[in-house]
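Written below as structure tokens is the structure these notes are about.
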Amino acid sequence: MTGNNPTSPRSAAWVDDDNAALFTDLYELTMLQSYFEEGLDGTAVFDLFARRLPAQRNFLIAAGLDDLLSYLETFRFTAEALGYLKSLNLFSGSFLDHLAELRFDGDVYALREGTPAFANEPIIEVVAPISQGQLVETFALNQIHFQTLAASKGCRVVAAAQGRRVVDFGARRMHGSDAAMKAARAFYIAGVHATSNLLAGKTYGIPVSGTMAHSYVEAHIEEMEAFEAFNRIFPGTVLLVDTYDTVRGVRKVVELAHRLGNEFRVKAIRLDSGDLAELARQSRRILDQGGLQRVGIFASSSLDEQAIAELLQRKAPIDGFGVGTRMGVSQDAPYFDSAYKLVEYSGRGRMKLSKKKSTLPGRKQVFRRIEDGQAIGDVIARQDESLPGRPLLELVMRKGKRLQAGEGSVQQAREHCRSELQLLSPQLRSLQTAKHPYPVEISAALAADSEELRRKLSQRHVQSE
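First residue of the sequence shown: 61, per the working numbering; consecutive thereafter.
This is the structure:
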């Protein structure tokens with residue numbers, strides 16, 4: 061194995077189908093061995109949800125389901141993985157033999173990717189033998205948490221742009237290559253138009269877009285020489301004009317257009333520093349006076365939804381935005397309080413009573429009530445209830461096999477997100493924290509189950525003291 065044998069060639073450490081089963085916390089496997097030794101293998105139900113929304117988030121956008129289902133479909137411990145576990149001297153031979161045969165054959169219920177989600181609503185519900193449901197916790201949280209976080213941030217950036225083009229520029233500063241890949245997909249679901257990440261474009265079928273770097277301009281003796289060459293080699297391109305002096309750079313673009321005539325095929329200029337609003341106004345004036353009304357203005361440089369909103373509030377004539385680090389790492393809310401909790405075992409509800417971390421027992425359904433084309437509230441109910449509204453949790457995997465409901469493409473998720481967002485009120489879709497949060501209720505039946513189980517658990521705890 062790489063890293064253990066000093067003579068073996070080093071390779072990049074990627075998570076793939078062959079090693080993904082080891083992408084788990086150690087305590088998952090120590091618990092699994094205990095379940096195995098105790099003979100505990102009844103059907104369990106685990107809910108993945110947000111305990112609360114991050115500050116300045118009125119909702120989340122569910123994402124990451126496709127990766128989770130792919131992981132569950134291919135889940136297995138390879139001989140190499142089992143050899144590593146054996147080397148830890150923690151696990152019995154019989155348990156390792158059990159792991160060699162272990163596959164996920166449970167059911168998964170989920171919100172469709174692109175669906176707005178709120179606190180305490182299951183985004184994913186896993187129904188499987190407890191060993192299987194327990195073991196997938198780490199991967200499920202890792203993928204659903206991050207991609208939901210990214211989609212939620214991307215949604216805000218798109219809203220701030222008010223229909224203008226948004227391109228993901230964040231790959232180089234995201235927290236690793238997997239994050240850059242998964243974020244590009246999540247951003248696209250949320251409405252971002254394209255990514256600069258070619259591998260994401262190839263893998264997910266996302267449109268790709270890019271301009272040029274300052275290094276390209278610096279590599280030429282004259283800025284004009286760089287502009288002319290790029291225009292010739294990549295017609296319809298975007299020229300970066302701020303390497304030396306933004307206003308002079310824009311004037312050189314006008315000069316180039318006049319000199320080349322019909323051979324001038326620049327689509328836009330890009331501003332990447334300084335007071336973007338003021339420079340955009342000056343640039344627009346210079347371009348228009350030079351007869352280049354069709355040449356657009358694209359802006360980048362430490363942008364997020366608040367910066368974009370401020371630029372547009374200042375009437376900056378900007379046609380598109382390249383958004384990188386702050387969207388890529390969700391700077392203002394880099395995590396949300398996600399949880400993956402056991403809520404039922406062997407047909408009986410389970411719940412946690414810890415302060416600020418209590419859970420709701422049993423299998424569930426979420427009903428979204430819609431009146432006059434607007435979502436007016438959700439009800440978290442028992443799975444066997446039938447209440448007014450549209451049920452949101454769909455069966456996407458049965459006995460370890462993906463169903464049609466789990467086969468949606470990234471384009472379908474994008475369209476679903478767009479239509480679902482239109483159901484939310486303008487106040488919820490704004491960048492400010494809503495004065496009146498979206499109402500989420502607990503059904504009377506689920507509340508009664510919860511209270512009864514809480515009472516029994518409290519009594520049991522008192523009696524055991």
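A virtual CB, placed ideally from N, CA and C, is assigned to each residue, including glycine.
(request) Give me the Cα-Cα distance between R111 and E282, rounded to the nearest whole angstrom. (result) Between R111 and E282, the C-alpha separation is close to 56 angstroms.
(message) Helix, strand or coil, according to DSSP, for K412 in the structure here?
(response) In the structure shown, K412 sits in coil (DSSP, three-state: anything other than H, G, I, E or B).
(message) Using CA atoms only, rank isn't needed, just tell me which of R428, A435, L455 and G460 is closest to L447.
(response) Comparing Cα positions, the closest option is R428.
(message) For G99 and I190, what's the separation of their Cα atoms in angstroms?
(response) Each residue's Cα considered, the two are about 11 angstroms apart.
(message) Checking the sheet assignment: what are the DSSP bridge partners for Q434?
(response) E431, per the DSSP bridge assignment.
(request) Ignore the nearest five residues each way along the sequence and tell me which others in L488's own chain have a CB closer than 7 angstroms to its CB. (result) Excluding sequence positions up to five before and after L488, its CB lies within less than 7 angstroms of the CB of N118, F119, A494 and Y498, all in the same chain and listed in chain order.
(message) Just verifying my parser: in three-state terms, what is the DSSP assignment at G358?
(response) Looking at the sequence itself, residue 358 is Phe, so the reference to Gly does not match. Reduced to three states, the DSSP call for F358 is strand.
(message) Please classify Q194 as buried or exposed, where buried requires at least 16 neighbouring CB atoms within 10 angstroms.
(response) Classification of Q194: buried, given that the 10 Å Cβ count is 16 or more.
(message) Just to confirm before moving on: does the CB-CB distance between A340 and A376 stay below 7 angstroms?
(response) In this structure, the beta-carbon distance from A340 to A376 falls below 7 angstroms.
(message) Let me confirm a value: L125 is counted as buried when at least 16 other C-beta atoms fall within 10 Å, else exposed. Which label applies?
(response) Buried: at least 16 other Cβ atoms inside 10 Å.
(message) Just to confirm my understanding: we take K213, look at its own chain, exclude 5 residues before and 5 after, and list those with CB closer than 6 angstroms. What are they?
(response) So the qualifying residues of the chain are M387 and S390.
(message) With a threshold of 6 angstroms on Cβ separation, who are the neighbours of F199 within its own chain once the five nearest residues in sequence on each side are excluded?
(response) Its chain contains F83 and Y131 as the residues whose beta carbon lies nearer than 6 angstroms to that of F199, once the 5 sequence neighbours on both sides are disregarded; these appear in chain order.
(message) For a quick check, are the C-beta atoms of L171 and I183 less than 7 angstroms apart?
(response) The answer is yes: Cβ separation under 7 angstroms.
(message) What would DSSP say about D238, mapped onto helix, strand or coil?
(response) Helix.
(request) Verify whether the separation of the beta carbon atoms of S269 and V226 is less than 7 angstroms. (result) Against a cut-off of 7 angstroms, the Cβ pair of V226 and S269 comes out as no contact.
(message) For R117, list the residues DSSP reports as bridge partners.
(response) Looking at the DSSP output, R117 sits in no beta bridge, so it has no partner there.
(request) Taking 7 angstroms as the cut-off, decide whether the C-beta atoms of L513 and M411 are in contact. (result) Yes.
(message) Spatial neighbours of F229 within its chain, please: C-beta separation below 7 angstroms, excluding the five flanking residues on both sides.
(response) Excluding residues within five positions, the ones whose Cβ falls inside 7 angstroms are S256, S360, G382, V383 and G384.
(message) Between F358 and the ligand COA, is there a pair consisting of the residue's CB and a ligand heavy atom that are separated by less than 6 angstroms?
(response) Ligands in the displayed structure: none, and consequently the ligand COA is not present.
(message) In the DSSP assignment, the alpha helix (DSSP H) including T198 goes from what residue to what residue?
(response) That run of the alpha helix (DSSP H) goes E197 to A221.
(request) With a 10 Å radius around its C-beta and 16 neighbouring C-beta atoms as the bar for buried, classify N291 as buried or exposed. (result) Taking a 10 Å sphere around the C-beta of N291, we find 16 or more other C-beta atoms and assign the residue as buried.
(request) Please report how far the alpha carbon of V75 lies from the alpha carbon of E454, in whole angstroms. (result) Rounded to whole angstroms, the separation of the alpha carbons of E454 and V75 is 28 angstroms.
(request) Pick helix, strand or coil for I293, following the three-state DSSP scheme. (result) In this structure, I293 counts as helix in the three-state DSSP scheme.
(request) Could you tell me the boundaries of the alpha helix (DSSP H) in which Y264 lies? (result) According to the DSSP assignment, Y264 belongs to the alpha helix (DSSP H) that extends over L258 to Y264.
(message) Contact between the stretch 350 to 365 and the stretch 322 to 338 is defined here as three or more beta-carbon pairs at a separation below 8 angstroms; is this criterion met?
(response) Verdict: yes, contact present.
(message) Could you check whether M234 and A220 sit closer than 7 angstroms to each other, using their CB atoms as the reference points?
(response) Not in contact: A220 and M234 (Cβ atoms no closer than 7 angstroms).
(request) Check whether the stretch 399 to 411 touches the stretch 426 to 441, counting contact only when three or more Cβ pairs, one atom from each stretch, lie closer than 8 angstroms. (result) Cβ pair count under 8 angstroms is below three, so no.
(request) Please report the Cβ distance between V187 and T263, rounded to the nearest whole angstrom; I am assuming they are in contact, meaning their Cβ atoms lie under 8 angstroms. (result) Going by Cβ atoms, the distance from V187 to T263 rounds to 30 angstroms, so no, they are not a contact pair.
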